[in-house]
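Everything on this sheet refers to the single structure shown next.
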Amino acid sequence: MSKMRDESVKCPDCNESMVFVVWDSLNADLSPAAKEQLLDGTLFSVTCAKCQKKSQVHYPLLYHDMKNKLMIQLALSDEDAEVFKEITSSKGDDPAASIIESMKDYKYRLVFDSDDLREKAMIFSHGFDDRVIEIMKLLASLVFEDKHPGSTVTTAFFYDKPEYMIQMFIKGGGIAEHTSIMSMYDDFKNQYQAMIEEKSKNRIVIDREWAESVMSNIS
Ligand SMILES: [Zn+2]
């Protein structure tokens, strides 16, 4: 089920009141239009009718993709994160446990930024494994920094247009793209599968730090 409500927000530029749709939970299969908005990056943005300025609205959201058996919580506070951790790890007579039991082979992810939620949703919608992608992002970043001494990759994202790629944001400005690395996806997946499974047991945060812990075991 999707759960949404209208909320009034103020334009940060001209203070005009605007109505913004807040999705407390977004079911990708039942609300495909909202899923598309998440993927194209417009779900969290609002345009002021008076001054036309675009701004971002931040709020916690639970993303549910039934087709890919996936739940992602976007948490903006420790409290949001704790609630999700409890739900995904609860056992015994907790009423939530029965839900979890029926969703045993589900993947759960916890993210702290709407860009990360968007990226994870995108990765899974293309049938990729975010754990493999996270390792590829790390490797692409290390390769880039090796080729360009003195440069630092601050963040890297999987992106799907015009083709699959790893997009890297460079400290001080600039974006670098690594497309050919995606042709190695299957090899990566097969090569690191066992390590990935072992390292991701009961893990709901799959990020660069996690990828680093995997790679430190490999090299
Ligand atoms: Zn405005």
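Position one of the sequence shown corresponds to residue -12 (the numbering used here), numbered consecutively onward. Built from N, CA and C at the ideal position, the CB exists for glycine as well.
Reduced DSSP category for residue i - H, G, I as helix; E, B as strand; rest coil
| i | result |
| --- | --- |
| G79 | Low local confidence applies: a pLDDT of 47 at G79 is under 50, so the model's placement there is unreliable, with the coordinate-based value given in what follows. DSSP places G79 in coil when its eight states are reduced to three. |
| I193 | coil |
| A143 | strand |
| M90 | coil |
| M53 | coil |
| Y172 | helix |
| F31 | coil |
| F71 | helix |
| K148 | coil |
| S200 | helix |
| Y95 | strand |
| K22 | helix |
Residue interval of the alpha helix (DSSP H) (run including residue i)
| i | result |
| --- | --- |
| R118 | D117 to K134 |
| K(-10) | Looking at the DSSP string, K(-10) is not in any alpha helix (DSSP H); the run it does join, the beta strand (DSSP E), is K(-10) to K(-3). |
| S101 | S101 to S112 |
Check: residue i C-beta below 7 Å from any heavy atom of ligand 1
| i | result |
| --- | --- |
| D0 | yes |
| K40 | yes |
| E121 | no |
| E69 | no |
| E199 | no |
| K124 | no |
| E3 | yes |
| K37 | yes |
Extent of the continuous beta strand (DSSP E) to which residue i belongs
| i | result |
| --- | --- |
| E164 | I162 to H165 |
| S4 | S4 to N14 |
| Q39 | Taken as a continuous stretch (DSSP letters only), Q39 belongs to no beta strand (DSSP E), as it is neither H nor E. |
beta-carbon residue i near ligand 2 non-hydrogen atom, thresh 7 Å
| i | result |
| --- | --- |
| A20 | The model depicted lacks ligand 2 and carries ligand 1 instead. |
The stretch 125 to 139 contacting the stretch 86 to 106, beta-carbon criterion three pairs below 8 Å: Because the criterion of three Cβ pairs below 8 Å is not met, the stretch 125 to 139 and the stretch 86 to 106 do not touch.
Cβ contact (3+ pairs, closer than 8 Å) linking the stretch 104 to 116 and the stretch 19 to 37: By the Cβ test, the stretch 104 to 116 is in contact with the stretch 19 to 37, since at least three Cβ pairs between them sit closer than 8 Å.
Given 8 Å, three or more beta-carbon pairs between the stretch 175 to 195 and the stretch 120 to 127: Counting Cβ pairs under 8 Å, three or more are found: they touch.
At least three beta-carbon pairs within less than 8 Å, the stretch 134 to 144 to the stretch 54 to 65: Cβ pair count under 8 Å is below three, so no.
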